[in-house]
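Here's the structure, in structure tokens; my notes come after.
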Amino acid sequence: MAFLDVDGTYADHGSVPEVHAEAVRAARSAGHRVLLCTGRPESMLPPSLLAAGFDGVVAAAGAFVRLDGEVVSDLRFPEDLADRVRHVLDAHDVAYLLETPDAVYGPVGLDARLGVRGDAAPHEILDVLRMPGDLAGVRYAKISYFDSRVPIAALREELGPEVGILPSSYANTGDNAGEIHLAGVHKAVGMAAVVEHLGITPAQVVGIGDGYNDVEMLAYAGTAVAVEGAPPAVLAEADLVVPGPAGGGVAEAFARLGMVPARG
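Numbering (the working numbering), first residue to last: 9 to 272.
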């Protein structure tokens, strides 16, 4: 069974190399289950990312799991904490997305702030963005934020131990962007839900990733595969290192691990 990070691993800026799609189809034809394991919410997984066919998704960095069409896990911020985090971000005029499986929600005017960005594939956000004005009732699983004048360390201290904050999984965003999640919820939590549901063990799992939110995923997987150029914390967990999407790294990993026939 394999879990694939999306951005920077399976896809590059939302574009999936055909060699990766072919590798997924071949691995599944050989009897291996393959799931996407991403920081994105399910609502931001367009058909182009899913076209190869997957057995399921671990989305929202482990908070949401769908396997064989069934929702296995759906963790959301409790209402009081959800409100407090929003109020802190609003006080600092941070642009943010409240991520849910069905849509992403943001303050009025967020579309204009995102529309001038070239690094975050804004069409994938704008297509599912809702701006109802009152966000108090939105029960979200994770927040992605941008354009913060407050560095990550300061936000982490202000928000407290109930949440975790990581640098954004999008490239070239620096210290003014990040991802806020429930403390203790990460990709390995979602993977464990799948493993328990299927009655297998972590030793049977391959994880492939390239970003800070992949550290726990690779630590959990029986076989950990990192992408070249990943942060040191990611590379430290790796049993195998492969190229990024442009180099067909997922296909190379599957071939080297015997999940698909070696490429000629």
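Just so you know, even glycine gets a beta-carbon here, dropped at the ideal spot from N, CA and C.
For clarity, every value in this text was computed on a predicted model and none was experimentally measured.
Inter-residue spacing [alpha-carbon to alpha-carbon] between D76 and I173: Taking the sequence shown and counting its residues from 1, one reaches residue 76 at position 68. Taking the sequence shown and counting its residues from 1, one reaches residue 173 at position 165. If I take the Cα positions, the gap works out to 30 Å.
Given that a residue counts as buried once 16 or more other Cβ atoms are within 10 Å of its Cβ, and exposed if not, what is V213? Numbered from its first residue, the sequence shown carries residue 213 at position 205. Looking at its Cβ environment, which holds 16 or more other Cβ atoms inside 10 Å, V213 is buried.
DSSP three-state label for R48, please. Taking the sequence shown and counting its residues from 1, one reaches residue 48 at position 40. Note: R48 maps to coil in three-state DSSP.
Per-residue DSSP class, three states only, for P175: Numbered from 1 along the sequence shown, position 167 holds the residue referred to as residue 175. Three-state DSSP puts P175 in a strand.
Would you give the residue range spanned by the beta strand (DSSP E) that F154 belongs to? What you label residue 154 is simply residue 146 of the sequence shown in a count that begins at 1. Per DSSP, F154 belongs to the beta strand (DSSP E) from K150 to F154.
Shortest alpha-carbon distance to L118 belongs to which of M139, D135 and V96? Working through the sequence shown from its first residue, we reach residue 118 at position 110. That would be M139, whose Cα lies nearest to the Cα of L118.
Name the residue from T108, V24, R33 and A241 whose alpha carbon lies nearest to the alpha carbon of S152. As a first step, residue 152 is located in the sequence shown; it is residue number 144 there, counting from the start. Comparing Cα positions, the closest option is T108.
When you compare only the Cα positions, how much space is there between A128 and V203? Your numbering for residue 128 matches position 120 in the sequence shown. Your numbering for residue 203 matches position 195 in the sequence shown. Note that A128 has pLDDT 47, beneath the 50 cutoff, so the model's placement of it is unreliable and the number below is only indicative. For A128 and V203, the distance between alpha carbons rounds to 31 Å.
8 Å Cβ shell around I133 - same chain, five flanking residues per side excluded: Reading the sequence shown from its first residue, position 125 is the one you call residue 133. Result list for I133: M52, L105, V112 and L122, in chain order.
In angstroms with no decimal places, state the Cα-to-Cα distance between L143 and T17. One-based indexing of the sequence shown puts residue 143 at position 135. One-based indexing of the sequence shown puts residue 17 at position 9. For L143 and T17, the distance between alpha carbons rounds to 33 Å.
For D98, three-class secondary structure by DSSP: In the sequence shown, residue 98 corresponds to position 90, counting from 1. Three-state DSSP puts D98 in a helix.
Within the 8 Å Cβ cut-off, does A99 reach chain D? You won't find chain D in this structure, because it holds only one protein chain.
Enumerate in chain order the residues of its own chain whose CB-to-CB distance from G126 is below 6 Å, with the five nearest sequence positions on each side excluded. In the sequence shown, counting from the first residue as 1, residue 126 sits at position 118. For G126, the predicted structure reports a pLDDT of 48, less than 50, and the residue's modelled location is therefore unreliable. A value from the coordinates is still provided. Nothing listed; no residue qualifies.
When you compare each of P54, A238, V73 and L12 to H205 by their alpha carbons, which one comes out closest? Working through the sequence shown from its first residue, we reach residue 205 at position 197. Ranking P54, A238, V73 and L12 by Cα distance to H205 puts V73 first.
Can you tell me whether Y104 is helix, strand or coil according to DSSP? As a first step, residue 104 must be located in the sequence shown, where it is residue number 96. Strand at Y104.
Nearest-angstrom Cα separation, counted from L248 out to L167: Here the question's residue 167 lines up with position 159 in the sequence shown. Here the question's residue 248 lines up with position 240 in the sequence shown. Distance between the alpha carbons of L167 and L248: 36 Å.
A232 bridges to which residues according to DSSP? Your numbering for residue 232 matches position 224 in the sequence shown. Per DSSP, G215.
Are T209 and L265 close, meaning C-beta to C-beta below 8 Å? Mapped onto the sequence shown, residue 209 falls at position 201. Mapped onto the sequence shown, residue 265 falls at position 257. Cβ atoms of T209 and L265: not closer than 8 Å.
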